[in-house]
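Peer 1: This is the structure, below, for whatever I ask next.
There are 2 protein chains.
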Amino acid sequence: MIREQTGARQSSLRATNLALVLRTVCASPDPLSRAAVAGATGMTRATAARLVDDLVGGGLLDEVERVVLARRGRPATPLVPGARFAALGLQVDAGLLAARVLDLRGRVVAEQVTDGDFVGSAPVPTLARLGGLAADLLAGLPRNLRVVGTGLALPGIVDVDAGVLLRAPNLGWSDVRPADLLAPHLPSGASVVLGNEADLAARTVAETAPGRPGAHRDFLYLSGQIGVGGAAVLAGRVMSGSSGWAGEMGHVCVDPDGPPCRCGSTGCLEQYAGRHALLSAAGLPLDAAPGELAARVAAGDPAAGRALDTAARALGVALAGVINVLDIPTVVLGGHLGELAGLLRPAVQDHLDRRVLSAGWRRPTIAAADTHPAAGATGAALRVLGDVVADPARRLS
Amino acid sequence: MIREQTGARQSSLRATNLALVLRTVCASPDPLSRAAVAGATGMTRATAARLVDDLVGGGLLDEVERVVLARRGRPATPLVPGARFAALGLQVDAGLLAARVLDLRGRVVAEQVTDGDFVGSAPVPTLARLGGLAADLLAGLPRNLRVVGTGLALPGIVDVDAGVLLRAPNLGWSDVRPADLLAPHLPSGASVVLGNEADLAARTVAETAPGRPGAHRDFLYLSGQIGVGGAAVLAGRVMSGSSGWAGEMGHVCVDPDGPPCRCGSTGCLEQYAGRHALLSAAGLPLDAAPGELAARVAAGDPAAGRALDTAARALGVALAGVINVLDIPTVVLGGHLGELAGLLRPAVQDHLDRRVLSAGWRRPTIAAADTHPAAGATGAALRVLGDVVADPARRLS
DNA sequence: GGATTATGTTCCAGGGCAAAACAAAACCGT
DNA sequence: ACGGTTTTGTTTTGCCCTGGAACATAATCC
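Residue numbers (my numbering), protein chains in the order written: chain A, 86 to 482; chain B, 86 to 482.
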């Protein structure tokens, strides 16, 4: 007999409503009162107040000083997400290591980002170095801050459930269990959740703080790194696929007769719009900044212009295919593609208008992510805090 | 103030559990007893029995005669989905009109399928004719059968919420509101839910009866019609995109330098693997059966072989892209592609193995749907009955 | 024919929310 | 200054739903 799903009981009701209240407060751009929570959720003030009290008791919500407000009636007690809860977000990328502590309000409590070249590095020392960064960060935190978990963003294919990095081409890693290597540096018993870097970067676009919706809720995120990663976000949730390996948009085939890709296929998007591909097609060194390419295009350099056109065409073809399948007509460009968004947009838009079937009804839009460095680390922390927001009852008990 | 979501109350709890019980019984291949429901859901026998009693009272579950079973203890009362509830599924396709009544047990209570050529037909008479079919069907039903709603499968882009068929290229229809045209023939007050034909056909793969899981739960469905439609199914749910326009896999670009498509793009999958494209590339008339093509390939006809190879390559390229983005490594072929699945599989599999990034960890599989004619009509009925299973409380009150 | 066993039912207690009355703390007007 | 008004937060009461345990039922087994 297969357990379909567990039946809901009174405590489930409570857990659901606690989550709803916390989510409502987190989602609001400015502090809500108990009465406002009741209004937003349709609950009675009595019920909302009781749930809020419990959340405040557990530290998941804080009552803050009321600012002067010229309004009639008894003054409200403003509620904000609890500052005591935080999560550690880590990131390993080809060019950097990052550790960042984010609290439930979405504030960066502490961070440490170090540049470096980790292409072809060995997993053990690299993760040990990252663990060291994390340990330093945690040691300097206020005593009363509760770090509820750790997330780690990795540039490759990750088996989330098993906690294994299967393959990270840019790092040259495969079959690594980072949690085991990080454990010595983290507080004992701390769990480490893995995630794909693009998925987690996309999450920072979907939510600006734990539970707070960002500028877009439905979009395709394209992360321009050495390769090209991506993620599809629907209703604010990153689609991770049936095994969490989704979002490899860099290997969508743009031209079956195109150049071979190291993945074994031919004509992958990455071969046209990846950072290395773009720069070398423009005749620039591989470590040049995207801004340099933009400057050359502006100066009328024909090779640079051609490289950009080729990339735009490839992006258009690949994205149109994805949009036709998923019906998500908003594209957010991150990484070097975000920096070049201004130059890429006209041509990409043109291709999308022509190749997306529903373009006549809803024209696809292209936006640039305002990426901060190491967005993956922030996303990893958001991922952990998202669990807290989704099930606060577990933290109360 | 935006209403986040409504708070859960006692009645929500009950509604959730009623749905859970009904879903559990529907999902089970053979009848369950009250105690078995309790076991499967983790509820106590008392609670499960109470919920079952309510569902039986409302006709959503039936107690059936117990067959002799050599087991100790008080004999159980077998429960099955209620036979009183049914839904009407309709379908308009380029080659047929169909009306089918499906009950909650997934049995076809009545059906009527008529062939015809509706390419370039006028919406009003065609839908009137379909309405006539439906009316005849409904008139002949047993008096005690409750038809809870109507679903309509259409071969085109549908705005589900607005109830508008935006564009159906094969029919030559655009901006049609079928509900208005069907209403005169249906019982007054009956609602008509629209859906894309491929989405609904995919649903028949995902569930064999209302709430009963089919052979696959996560798969890409490709429906070979005149064009090529499709749907992505994740966890048994058809992904309809942010506006319900998803699944247009026929217009994924396979080769940007390929032949122009009537959609305005170039090198769409449909131009290689669509029924017309395949047949004409093989030198067959457009109304030939897929079996004829298969026969020619078997006989060693070079043109037919080339057509099939081209289609397989295009399918491989397009599907690999989708699998890389969505991580759904199971493909189910329907329509003429299903009939040719045996011949297509080796080459498509080959392309997928090479182009899917995660193929090394989980090899993509290709299956053929055992399509019955007018699967869209069945899917449309399943869609309506799915609402009943999802919220039985509404039917009790 | 009694013991055993599994199913279905009945009864009571506890937890959680709704509704309404009540208390509190501000602003407004005279 | 002081009562009226208004909005927020709290308390009380009642209802609904599930859990748990005891009981009733209907078969098989020995």
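Ideal placement from N, C-alpha and C gives every residue a C-beta, glycine not left out.
1) Tell whether a beta-carbon distance below 9 Å holds between Val-402 of chain A and Arg-440 of chain A.
2) Starting from the C-beta of Pro-116 of chain A, find all residues in its chain whose C-beta is less than 7 Å away, skip the five residues before and the five after it, and write them out in chain order.
3) Quick check: is the beta carbon of Ile-311 of chain B nearer than 9 Å to any beta carbon in chain A?
4) Any idea if His-301 of chain B is buried or exposed, counting beta-carbon neighbours within 10 angstroms, 16 or more meaning buried?
5) Kindly list, in the order they appear in chain A, the residues whose Cβ is closer than 7 Å to that of Glu-292 of chain B.
6) Looking only at C-alpha atoms, which of B:Pro-345, B:Arg-448, B:Pro-344, B:Ile-242 sits nearest to Ser-328 of chain B?
7) Is the beta carbon of Val-186 of chain B sitting closer than 9 Å to the one on Leu-222 of chain B?
8) Does the pairing of the segment 375-392 of chain A with the segment 414-428 of chain A give three or more beta-carbon distances under 8 Å?
9) With a cut-off of 8 Å, do at least 3 Cβ pairs link the segment 367-375 of chain B to the segment 332-352 of chain B?
10) Indicate whether Leu-305 of chain B and Ala-317 of chain B have their beta-carbon atoms separated by less than 9 Å.
11) Output the boundary residues of the beta strand (DSSP E) element that contains Ala-317 of chain A.
12) If we cut at 9 Å on Cβ distances, does Gln-356 of chain A have a partner in chain B?
13) Is the Cβ-Cβ distance between Leu-411 of chain B and His-436 of chain B less than 9 Å?
14) Is there a Cβ of chain A sitting closer than 9 Å to that of Arg-381 of chain B, yes or no?
15) Would Val-278 of chain B pass as a contact of Arg-468 of chain B if the rule is Cβ separation under 9 Å?
16) Quick check on DSSP: helix, strand or coil for Val-339 of chain B?
17) Contact criterion: CB-CB distance below 9 Å. Does Ser-118 of chain A meet it with respect to chain B?
18) Would you please verify whether the beta carbon of Ser-308 of chain A is less than 9 Å from any beta carbon of chain B?
19) Measuring CB to CB, does Thr-126 of chain A end up less than 9 Å from Val-106 of chain A?
20) Between B:Arg-297, B:Asp-260, B:Ala-134, B:Ala-432, which has its C-alpha nearest Arg-398 of chain B's C-alpha?
21) At the level of alpha carbons, what is the spacing between Ala-219 of chain A and Thr-351 of chain B?
22) Put Leu-256 of chain A into one of helix, strand or coil per three-state DSSP.
23) Give the DSSP-derived three-state secondary structure of Gln-197 of chain A in the structure shown.
24) Quick one: Cα of Ala-184 of chain A to Cα of Gly-464 of chain A, how far?
25) Could you check what DSSP says for Asp-178 of chain B in three-state terms: helix, strand or coil?
26) Less than 8 Å between the CB atoms is what I'm expecting for Arg-169 of chain B and Arg-231 of chain B, so what's the real figure, rounded?
27) Using a beta-carbon distance below 9 Å, is Leu-140 of chain A in contact with chain B?
28) Do three or more CB pairs link the segment 170-182 of chain A to the segment 449-457 of chain A at distances below 8 Å?
29) With DSSP collapsed to three states, give me the class of Val-149 of chain B.
30) For Ala-121 of chain A, does the count of other Cβ atoms within 10 angstroms reach 16, so buried, or fall short, so exposed?
31) For Val-204 of chain B, does the count of other Cβ atoms within 10 angstroms reach 16, so buried, or fall short, so exposed?
32) Are Arg-119 of chain A and Val-137 of chain A touching if we call contact CB-CB under 9 Å?
33) Is there at least one non-hydrogen atom of the ligand NAD closer than 8 Å to the beta-carbon of Ala-264 of chain B?
34) In three-state terms, what does DSSP make of Asp-188 of chain A?
35) Roughly how many whole angstroms lie between the Cα atoms of Asp-349 of chain B and Ala-366 of chain A?
36) Excluding the 5 residues preceding and the 5 following Gln-356 of chain B in the sequence, name in chain order all residues of the same chain whose CB lies nearer than 7 Å to its CB.
Peer 2: So, to answer that:
1) Contact flag set, yes.
2) Around Pro-116 of chain A: Val-149, Pro-163, Leu-164, Val-165.
3) The beta-carbon of Ile-311 of chain B is placed no less than 9 Å from the nearest beta-carbon of chain A.
4) His-301 of chain B is classed as buried because its beta carbon has at least 16 other beta carbons within 10 Å across all chains shown.
5) Simply none; closest approach about 14 Å.
6) Per the Cα distances, B:Ile-242.
7) Yes, these two residues count as a Cβ contact at 9 Å.
8) As far as the Cβ criterion goes, the segment 375-392 of chain A touches the segment 414-428 of chain A, which means the pair count is three or higher.
9) Under the 8 Å Cβ criterion, the segment 367-375 of chain B does not count as touching the segment 332-352 of chain B, having fewer than three qualifying pairs.
10) Going by C-beta atoms, Leu-305 of chain B is nearer than 9 Å to Ala-317 of chain B.
11) 313-319 is the extent of the beta strand (DSSP E) around Ala-317 of chain A.
12) No - not a single Cβ of chain B is within 9 Å of the one on Gln-356 of chain A.
13) Not in contact: Leu-411 of chain B and His-436 of chain B (Cβ atoms no closer than 9 Å).
14) Not an interface residue.
15) Yes. Within cutoff.
16) Coil, per DSSP.
17) With 9 Å as the cut-off, Ser-118 of chain A does not count as an interface residue toward chain B.
18) Not closer than 9 Å to any Cβ of chain B, the Cβ of Ser-308 of chain A fails to qualify, so no.
19) The beta carbons of Thr-126 of chain A and Val-106 of chain A sit closer together than 9 Å.
20) By alpha-carbon distance to Arg-398 of chain B, the top candidate from B:Arg-297, B:Asp-260, B:Ala-134, B:Ala-432 is B:Ala-432.
21) Whole-angstrom Cα-Cα distance: 51 Å.
22) Residue state, collapsed to three classes: coil.
23) Residue state, collapsed to three classes: strand.
24) Taking the straight line joining both Cα atoms gives about 11 Å.
25) In the three-state reduction of the DSSP assignment, Asp-178 of chain B falls in the coil class.
26) About 5 Å separates the beta carbons of Arg-169 of chain B and Arg-231 of chain B, which is inside the 8 Å limit, making them a contact pair.
27) Not one chain B Cβ lies under 9 Å of Leu-140 of chain A.
28) Touching, no, given that fewer than three Cβ pairs across the two stretches are closer than 8 Å.
29) Look at Val-149 of chain B here: in three-state DSSP terms it is coil, with no helix or strand label.
30) Taking every protein chain shown into account, the CB of Ala-121 of chain A has 16 or more other CB atoms within 10 angstroms, so this residue is buried.
31) Flag for Val-204 of chain B reads exposed.
32) With a cutoff of 9 Å on beta-carbon distance, Arg-119 of chain A and Val-137 of chain A are scored as near each other.
33) Although the ligand NAD was asked about, the structure shown includes no ligands whatsoever.
34) Note: Asp-188 of chain A maps to strand in three-state DSSP.
35) Checking the sequence shown, residue 349 of chain B turns out to be Gly, not Asp. When rounded, the distance between both Cα atoms is 29 Å.
36) Cβ contact annotation for Gln-356 of chain B (same chain, cutoff 7 Å, sequence separation greater than five): Gly-343, Pro-344, Cys-346, Ala-362, in chain order.
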